[in-house]
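Peer 1:
Number of protein chains: 2
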Amino acid sequence: MTAGKTFLFMDTIANKVDAKGRVSLPSDYRAIVKELSTDIVCYRSLSSPCIEGCTEELLDRLASDMENSLDFFSQTQDELTNLIFGDARRFAFDSTGRIMLSEKLLKHAEITDTAVFVGKGRKFQIWNPENWAREEARIRAEVFKKRPSLKPVGGQND
Amino acid sequence: MTAGKTFLFMDTIANKVDAKGRVSLPSDYRAIVKELSTDIVCYRSLSSPCIEGCTEELLDRLASDMENSLDFFSQTQDELTNLIFGDARRFAFDSTGRIMLSEKLLKHAEITDTAVFVGKGRKFQIWNPENWAREEARIRAEVFKKRPSLKPVGGQND
DNA sequence: TTGATTCCCATGTTTTCCCATGCTATACCA
DNA sequence: TGGTATAGCATGGGAAAACATGGGAATCAA
Numbered sequence: 007m008t009a010g011k012t013f014l015f016m017d018t019i020a021n022k023v024d025a026k027g028r029v030s031l032p033s034d035y036r037a038i039v040k041e042l043s044t045d046i047v048c049y050r051s052l053s054s055p056c057i058e059g060c061t062e063e064l065l066d067r068l069a070s071d072m073e074n075s076l077d078f079f080s081q082t083q084d085e086l087t088n089l090i091f092g093d094a095r096r097f098a099f100d101s102t103g104r105i106m107l108s109e110k111l112l113k114h115a116e117i118t119d120t121a122v123f124v125g126k127g128r129k130f131q132i133w134n135p136e137n138w139a140r141e142e143a144r145i146r147a148e149v150f151k152k153r154p155s156l157k158p159v160g161g162q163n164d
Numbered sequence: 007m008t009a010g011k012t013f014l015f016m017d018t019i020a021n022k023v024d025a026k027g028r029v030s031l032p033s034d035y036r037a038i039v040k041e042l043s044t045d046i047v048c049y050r051s052l053s054s055p056c057i058e059g060c061t062e063e064l065l066d067r068l069a070s071d072m073e074n075s076l077d078f079f080s081q082t083q084d085e086l087t088n089l090i091f092g093d094a095r096r097f098a099f100d101s102t103g104r105i106m107l108s109e110k111l112l113k114h115a116e117i118t119d120t121a122v123f124v125g126k127g128r129k130f131q132i133w134n135p136e137n138w139a140r141e142e143a144r145i146r147a148e149v150f151k152k153r154p155s156l157k158p159v160g161g162q163n164d
């Protein structure tokens, strides 16, 4: 990893969840965490049956945006912070690189014995294998439908 | 991450209130208090039947901000802060990590034998279990309705 | 004294830590 | 080029530490 600090969660990796609920965090993800001296934070996705994760640093920035006193009593903010921070939890990994996902999260994502990590740039998701296969197919179909309207990036196209 | 560490109250944790009125402060919360060398301050929430808590440090900052923003429209905020400071109290935890909530606070939140700690980033709340279950469901529904207009977390896109 | 608060110890459970094993990919050597 | 050594990684299991919680003794106030 370079000094430029581009940190992206990428790739799709399936790891086993053992009897204790432990899962190896993909080593690439671990490298990001170490480099940023932060921690991984996970919470239930608002829109899909999956676990969502990001760096604590990202959530901290959100908290900073919200903490200034002018908004101290705002109701919308109140509801949002309850939902996000009330659900999120820090997950430190042990010396072998594993985190222990909570019952609540595993249940929400319908994960039992295998967890699929899906990179999303600044965030990542953790899926049940079957659900992810279905979701990926759906997304691909969706994108294909919209294809004519997608602008090529950097002038490349095919 | 920058020099400053990140301190966020997160997760939702249910702890028992014993016969003496003692409750374990979640260990993550305790870690924040120790790290910042501050104290926990609690007061009755102005908007919900729950106890609200934060670091004394945060209230201190709020006080400073209020001093410096005495604009024409600040009267309401002024009154609100009066309410909070009039109600707030410091709660130190003992060697096993427990605090003793006052009758006034417990009554306001309708807490008897179980207290649910809900993280809110820089703040947290303490709820009666049933009330929190109801409130969480309400908020989820509310936020889902507003979802299209919500900015993504931390300004990142996904 | 009575009631309340603080401090300390005991216990069961959960979580974290550490060591061992086997697999896989990359590098190395003939 | 093919085979082997090496390092990193995923995974399993047991030991140790941390945590929530209950109860008793000591301290303080009215």
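Quick mapping for you: the protein sequence lines, in order, are chains X and U.
Heads up: the first sequence at position 137 corresponds to 143 in the numbering used here, and the numbers run straight through without jumps.
Heads up: the second sequence at position 117 corresponds to 123 in the numbering used here, and the numbers run straight through without jumps.
The beta-carbon is built from N, C-alpha and C at its ideal position, and this holds for glycine as well.
Where does U:A20 fall in DSSP's three states?
Peer 2: Reduced to three states, the DSSP call for U:A20 is strand.
Peer 1: State yes or no: is the beta carbon of U:S33 nearer than 8 Å to at least one beta carbon in chain X?
Peer 2: Taking Cβ atoms only, chain X never reaches closer than 8 Å to U:S33, which makes this a no.
Peer 1: So U:T61 is in the beta strand (DSSP E); what residue range does that whole segment cover?
Peer 2: Taken as a continuous stretch (DSSP letters only), the beta strand (DSSP E) holding U:T61 covers I57 to T61.
Peer 1: According to DSSP, is U:F15 part of a helix, a strand, or is it coil?
Peer 2: Strand, per DSSP.
Peer 1: On the CB-based measure, 16 or more other CB atoms within 10 Å of its CB, does U:S30 come out buried or exposed?
Peer 2: Its Cβ being crowded by 16 or more others within 10 Å, U:S30 is buried.
Peer 1: CB X:V124 to CB X:W138, shorter than 8 Å?
Peer 2: Against a cut-off of 8 Å, the Cβ pair of X:W138 and X:V124 comes out as a contact.
Peer 1: Can we count X:V47 as close to the ligand MN, meaning its CB is less than 7 Å from some heavy atom?
Peer 2: With respect to small molecules bound, the structure shown includes none, and the ligand MN cannot be examined in it.
Peer 1: When DSSP labels each residue in this structure, what does U:I132 get in the three-state scheme?
Peer 2: Three-state result, U:I132: strand.
Peer 1: Closer than 8 Å, Cβ to Cβ, to anything on chain X: give me those residues from the segment 106 to 126 of chain U, in chain order.
Peer 2: Of all residues in the segment 106 to 126 of chain U, V124, G125 and K126 have a Cβ within less than 8 Å of some Cβ in chain X.
Peer 1: To be precise: take each residue of the segment 15 to 48 of chain U, compare its Cβ to all Cβ atoms of chain X, and keep it if any distance is under 9 Å. Which residues remain?
Peer 2: Residues F15, M16, D17, T18 and D34.
Peer 1: Touch check for the segment 42 to 59 of chain U and the segment 115 to 132 of chain U: three-plus C-beta pairs under 8 Å?
Peer 2: These segments touch.
Peer 1: Looking only at DSSP bridge pairs, what is X:G125 linked to?
Peer 2: BP columns for X:G125 point to X:F130.
Peer 1: Measure the alpha-carbon distance for X:M16 versus U:T87 and round it to whole angstroms.
Peer 2: Their Cα atoms are separated by approximately 46 Å.
Peer 1: Tell me whether X:I105 sits in a helix, a strand or coil according to DSSP, three-state version.
Peer 2: It is a strand residue.
Peer 1: What's the gap between the Cα of U:T120 and the Cα of U:R144?
Peer 2: Answer to the nearest angstrom: the Cα atoms are 21 Å apart.
Peer 1: In this structure, does DSSP put U:T118 in helix, strand or coil?
Peer 2: In this structure, U:T118 counts as coil in the three-state DSSP scheme.
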